[in-house]
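Residue 104 in UniProt numbering sits at position 104 of the sequence shown, with consecutive numbering throughout.
One structure is given below, encoded as structure tokens.
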Amino acid sequence: MQVDTIGRPEQLSNVQPGECIFFDSSNGMRFGMLTKDGNQKGFLVFAKSDDGRAPWVITGGLPQNVLVVDKVQIRADWTSAAISAASQIGEITSAAGNFYMRAALRKMETVSINLASGLLDDPPSLGPIFHYARWSAGLVRDGKWLSLVEFPFTKGSV
Numbered sequence: 001m002q003v004d005t006i007g008r009p010e011q012l013s014n015v016q017p018g019e020c021i022f023f024d025s026s027n028g029m030r031f032g033m034l035t036k037d038g039n040q041k042g043f044l045v046f047a048k049s050d051d052g053r054a055p056w057v058i059t060g061g062l063p064q065n066v067l068v069v070d071k072v073q074i075r076a077d078w079t080s081a082a083i084s085a086a087s088q089i090g091e092i093t094s095a096a097g098n099f100y101m102r103a104a105l106r107k108m109e110t111v112s113i114n115l116a117s118g119l120l121d122d123p124p125s126l127g128p129i130f131h132y133a134r135w136s137a138g139l140v141r142d143g144k145w146l147s148l149v150e151f152p153f154t155k156g157s158v
């Protein structure tokens, strides 16, 4: 008998930056992506934080057992595209052939994350820059789009 699941269980030490994961938190199951800044690992959490900022990065108290979900895609809503130099938290920025997302860190800070590498990285400030205010992350299963999360997040998002 074959069992079809959405992912595979892994220890955090075996997960690479940029891989998408489900993990257990005090607020239930969360969906996010492993990030890294130097030697510091963190999770880019695709949900609202307790103070309402979203998405956000956690760097301490990371669970050691996670469910890795392969082949996750982000689909930007082209009708939400805008040309500007400044992005808001949660928007996807397209610049110089890469995609970035700004996220909340702690109470007042923000960081930018390269979505392909999972590394903290600021997008270039020169050249054509597009921002997408709406997007969904998910995967294609049996030829159909399975959305795991949509931005802007709603109450009760994963």
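Where a beta carbon is used, it is the ideal one built from N, C-alpha and C, also for glycine.
- Message: Determine whether the beta carbon atoms of A137 and S80 lie at a separation below 7 Å.
- Response: no
- Message: Whole angstroms are fine: how far does the CA of D77 sit from the CA of K71?
- Response: 19 Å
- Which ranges does the beta strand (DSSP E) cover as unbroken runs of at least 3 residues, wholly within the segment 94-139, from first to last along the chain? 98-105, 109-114, 129-132
- Distance, Cα to Cα, E150 vs L139? 12 Å
- Based on the DSSP secondary-structure assignment, which residues constitute the bridge partners of I58? F43
- Query: Taking the alpha-carbon positions, what's the G32 to Q88 distance?
  - Reply: 18 Å
- Which of helix, strand or coil DSSP assigns to S13: helix
- What do you reckon, are the CB atoms on P55 and F46 nearer than 7 Å? yes
- Is V15 closer than 7 Å to V57 when the C-beta atoms are compared? no
- Query: How many angstroms separate the CA atom of G38 from the CA atom of M101?
  - Reply: 18 Å
- Would P9 pass as a contact of G118 if the rule is Cβ separation under 7 Å? no
- Task: Compare the Cα-Cα distances from L34 to each of G28, I21, S26, N27 and report the closest residue.
- Result: I21
- Message: Using the Cβ count rule (16 or more neighbours within 10 Å means buried), how would you classify L115?
- Response: buried
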